[in-house]
Structures are given as C-alpha cells and as structure tokens.
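**Student:** Chains as they are written, first to last, in this note's numbering: chain A, 689 to 893; chain B, 689 to 893. A virtual CB, placed ideally from N, CA and C, is assigned to each residue, including glycine.
#1: Whole angstroms is fine: what's the gap from residue 865 of chain B's alpha carbon to residue 844 of chain B's?
#2: Flag residue 752 of chain A as yes if its beta-carbon sits less than 8 Å from any beta-carbon of chain C, otherwise no.
#3: Indicate the three-state DSSP secondary structure (helix, strand or coil) for residue 795 of chain B in the structure shown.
#4: I want to see whether chain B comes within less than 8 Å of residue 739 of chain A, judged by CB atoms only; does it?
#5: Taking all protein chains shown into account, do 16 or more other C-beta atoms lie within 10 angstroms of the C-beta of residue 869 of chain A, making it buried, or fewer, making it exposed?
#6: Between the C-alpha atoms of residue 806 of chain A and residue 813 of chain A, what's the straight-line distance to the nearest angstrom?
#7: Which ranges does the beta strand (DSSP E) cover as unbroken runs of at least 3 residues, wholly within the stretch 732–790 of chain A, from first to last along the chain?
#8: Could you tell me whether the Cβ atoms of residue 886 of chain A and residue 834 of chain A are closer together than 8 Å?
#9: Taking DSSP's pairing of strands, which residues face residue 862 of chain A in a bridge?
#10: What number of angstroms, rounded off, separates the C-alpha of residue 824 of chain A from the C-alpha of residue 858 of chain A?
#11: With distances taken from CA atoms, which of A:793, A:698, A:751, A:711 is nearest residue 770 of chain A?
#12: Any beta carbon from chain B within less than 8 Å of residue 773 of chain A's own beta carbon?
#13: Taking its Cβ as the centre, do 16 or more other Cβ atoms sit within 10 Å of residue 752 of chain B, making it buried, or is it exposed?
#14: For the stretch 702–726 of chain A, which segments carrying the alpha helix (DSSP H) assignment without a break, of at least 4 residues, lie completely within its bounds, in sequence order?
#15: Any idea if residue 692 of chain B is buried or exposed, counting beta-carbon neighbours within 10 angstroms, 16 or more meaning buried?
#16: Let me make sure I understand the geometry here. Which of B:741, B:759, B:710, B:701 has the alpha-carbon closest to that of residue 719 of chain B?
#17: Looking at residue 722 of chain B: is its Cβ nearer than 8 Å to the Cβ of residue 721 of chain A?
#18: Determine, using beta carbons only, whether residue 811 of chain B comes closer than 8 Å to chain A.
#19: With H, G and I counted as helix, E and B as strand and the rest as coil, what does DSSP make of residue 807 of chain A?
#20: Mind checking which residues open and close the alpha helix (DSSP H) that includes residue 840 of chain B?
#21: Could you tell me the distance, in whole angstroms, from the CA atom of residue 803 of chain A to the CA atom of residue 840 of chain A?
#22: Assuming residue 779 of chain B and residue 716 of chain A form a contact by the criterion Cβ under 8 Å, report the distance between their Cβ atoms to the nearest whole angstrom.
#23: For the stretch 776–798 of chain A, which residues have a beta carbon sitting closer than 9 Å to at least one beta carbon of chain B?
#24: Note down, in chain order, each residue of its chain lying with its Cβ closer than 6 Å to the Cβ of residue 828 of chain A, except the 5 sequence neighbours on either side.
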C-alpha cells in the first residue's frame, strides 16, 4: 500500500509537488484545498493552465509573452522604440514596468548564457536582438541581466556582438550595481560593497 | 493595460495565486515554470487535478479519501477494527500512519466544530461515528483532534455523545499532550509546560 489512500490523490500531489519550491506536504495541502472547491472552480483552475499553454503567443518583436502577434508594449505609440532593455525573462519585464521608470521597449532573451547548464548563445534570443539593431534606428541598448557570472558572461557576449555592428552612435549601458536602496552597509555583502566603492559616482547635492 | 502582458497569463496566475499561502509572485513563477514544460506535461498536470476532483471517492466507513467504496485501511484484514482513531482530516490519517505506531482504523470528521466559523456538529461526520459504535464491537475510541479550543470543543461533544450510548466497556481516550520529544523546556510555551506538569505520568525507568 502506498503512503496515499488514493492513487488519484497521489498523482495530483506528485504533479503539484513537481513545481519548483513546492514540497510534498505543501502539495498535499494545496491539492486537498482544491478538492474542497466546486467542480466548476477546479475546471477553471486546470483550464486556465492548459489554455495558457495551448494559446499563448510570444511577441515577434521582443519575445515577451503576449495574446497578440505583437505585445502591448511594442505596439504602443507612447513607448520610445529607440531604447531597448535586454532582460532574461518575462518576470523581469514586469518588475521593470512596475518601477514606472522606463519608457523604452524590451528584448526578452528567454534565458542567459550558462555553459554549466549547456545554454549557449544560440539557445537564447540574441540573434534576434542583433537583427533589431538597424542603423540609426536604435539609440541605446540597456543590459538588465542578473548580476551573476552567467549574467556577466551574457552581457559581455552581447556587448561584443553589438560592437561588431560598428555603429558608433549606439550607446550600450548596463543597470547600476551597488548597495540596495534602504540597506545598511553593515549587512551588504563584501563584493557588492567593494564594487560600489570602486564604481562610485559623483555626488550631486 | 493590465500588469500582465497577457490575459491568459493573468488568468493562470490569478488561479494559482488563489491557493492558500501562494502569493502573486510565487504564482507567476510557478505558471511560467509550467509554461516551459511540454504540452503533454501541462495536460498531465491539469488533468491530474480535474480527474481527482471528478473521480475521487470517500470511504463509506471512515470517510477517508479512497479510490474504492471502502478504503485500504478499512478493507485490510490486518487492522484492529475494534479501535477507532478520530481525526480531523485526511492529512492526519497520513501523519499517524507514518508513525507506524497505530494498527486500528480511523474516522475522518472532515472538519471540527467551530461556532466562530459556523461549523456545527451536523457539519462534520459525528453522527456517522456514533452509528459505527455498535455494542461490544468497538473497544476504544481515540480522540486525535487538534489541541486547540475547537479541538477541545469537538472532543467534549463526541465524549458526551459516546457516553450517552451507555456502553461502560467502551474506552474513550485522547492523544497525549505535553512537551514535544526533542524540545528544550526553555522554548516550550507556558501553557504546554504547565499542563505537562499537571498531567505528569509515572516514570517507568
């Protein structure tokens, strides 16, 4: 006899427990919660996932998730199409949008270069980024990738590819790194703190 | 424009975010994880939930979740049918089974009496428990409900109902309460510690 009183229950718990960061106990709790909902609610829950998987599109310009061929950001007349912010994934677009500080467009790589995980430059949307950089159309590419070794590798690879385009007018920038706003220096890790001293900027009182 | 680049994505995130203890950020992470899986895997995921909801049965003896009319525990010839352990829910059965210390059968109430939440004695499986107590067939009822006010209320209600059956041979017990095994007294709450002194038991060296 298995640990579970029902194979159906066990299957559902195994499926939910396969999600990242969801252990077996949590999965069981979530599945039993769903089981207490109405048939209609469970259909709606499961249906929202299969419908997303079956019907989702990716913007043919920036590769963000979209319901249309072109996402609302790329389609908007109010966005600055001359500035492209390069991010790893869909969540990053949403995080930057939530700051309300950016009015350009995006390019979603769908991953970053990670030789350890077998992810090379061809496995992420770098070629399509380069193809977007038409002469005198794009003024700036902002690299907003994770501040990890993989992020740095990807930044450097993209930088080299962009430089090879020989467009001296194209500005290539990366997001600022340093002590997070609201953080005590005491609790900031040494590498971040060290770099924030080396890369100090002029104080504008 | 909504926060999400896609209505399909937003629906899925809202559904997953409606699960207890799952916030919007976690929901988005889980949904995007699912989106990276194959069509077949997403079907299997969603299908396991709808199938559970549509096909699940509850044991007609103990009300535990089951694939059959009678659950494997109630159907087993190796279990002591004269001892019934009363628990709140399915998880509790699994927790007690995992201890390997119990060989009787169960009765799953499917909730506990909670006047604050509008849950009365008729809303949980107490009548069916009383109906199981046939004269001279059941030797002991073990109350294994949460050690909360609602658990105590339910314990007391069941105790009164069982007493009213006038079966002097029927033993009614409850699980031991006290300092958890492996815990320091220093970190045990005062109520538990106080009661564990009052309810001290003879030391068997």
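**Tutor:** Inspection of the coordinates gives the following:
#1: Residue mapping note: residue 865 of chain B aligns to position 177 of the second chain, counting from 1. Residue mapping note: residue 844 of chain B aligns to position 156 of the second chain, counting from 1. Looking at the two C-alpha atoms, the distance is approximately 16 Å.
#2: Although the question refers to chain C, the structure presented lacks it and instead comprises the protein chains A and B.
#3: What you label residue 795 of chain B is simply residue 107 of the second chain in a count that begins at 1. Residue state, collapsed to three classes: strand.
#4: One-based indexing of the first chain puts residue 739 of chain A at position 51. Closer than 8 Å to some Cβ of chain B, the Cβ of residue 739 of chain A qualifies, so yes.
#5: Translated into the one-based positions of the first chain, residue 869 of chain A becomes position 181. It is exposed - the Cβ of residue 869 of chain A has fewer than 16 other Cβ atoms within 10 Å.
#6: Here residue 806 of chain A refers to the residue found at position 118 when the first chain is read from its first residue. Here residue 813 of chain A refers to the residue found at position 125 when the first chain is read from its first residue. Approximately 15 Å between the Cα atoms of the pair.
#7: Assignment of beta strand (DSSP E) within the stretch 732–790 of chain A, counting only whole runs of 3 or more residues, yields 768–775 in chain order.
#8: Counting from one through the first chain, the residue named residue 886 of chain A turns up at place 198. Counting from one through the first chain, the residue named residue 834 of chain A turns up at place 146. It is not a contact, given that the beta carbons lie outside the stated cut-off.
#9: Within the first chain, numbered from 1, the residue matching residue 862 of chain A stands at position 174. BP columns for residue 862 of chain A point to A:831.
#10: Walking along the first chain from the start, residue 824 of chain A turns up at place 136. Walking along the first chain from the start, residue 858 of chain A turns up at place 170. Between residue 824 of chain A and residue 858 of chain A, the alpha-carbon positions lie close to 8 Å from each other.
#11: Working through the first chain from its first residue, we reach residue 770 of chain A at position 82. Of A:793, A:698, A:751, A:711, the residue nearest in Cα terms is A:793.
#12: Here residue 773 of chain A corresponds to residue number 85 of the first chain, with the count starting at 1. So no, residue 773 of chain A is outside the interface.
#13: Indexing the second chain from 1 puts residue 752 of chain B at position 64. Buried is the call here.
#14: 712–723
#15: The count along the second chain starts at 1 and reaches residue 692 of chain B at position 4. Residue 692 of chain B comes out buried.
#16: Taking the first residue of the second chain as 1, we reach residue 719 of chain B at position 31. If we check each option's Cα against that of residue 719 of chain B, B:701 comes out closest.
#17: Here residue 722 of chain B is taken as the residue at index 34 of the second chain, counted from 1. Here residue 721 of chain A is taken as the residue at index 33 of the first chain, counted from 1. If you check the CB distance, residue 722 of chain B and residue 721 of chain A do not come in under 8 Å.
#18: Position 123 of the second chain, counted from the first residue, corresponds to residue 811 of chain B. No, residue 811 of chain B does not count as interfacial toward chain A.
#19: If you number the first chain from 1, residue 807 of chain A lands on position 119. For residue 807 of chain A, the secondary structure class from DSSP, reduced to helix, strand or coil, is strand.
#20: In the second chain, the residue the question calls residue 840 of chain B occupies position 152. Segment 837–851, the alpha helix (DSSP H) holding residue 840 of chain B.
#21: By 1-based counting over the first chain, the position of residue 803 of chain A is 115. By 1-based counting over the first chain, the position of residue 840 of chain A is 152. Roughly 13 Å separates the two Cα atoms.
#22: Position 91 of the second chain, counted from the first residue, corresponds to residue 779 of chain B. Position 28 of the first chain, counted from the first residue, corresponds to residue 716 of chain A. Between residue 779 of chain B and residue 716 of chain A a beta carbon distance of about 6 Å is seen, short of the 8 Å cut, so the two are scored as contacting.
#23: 777, 778, 779, 781, 782, 785, 786
#24: Here residue 828 of chain A is taken as the residue at index 140 of the first chain, counted from 1. Cβ neighbours of residue 828 of chain A beyond the five flanking positions: 771, 859.
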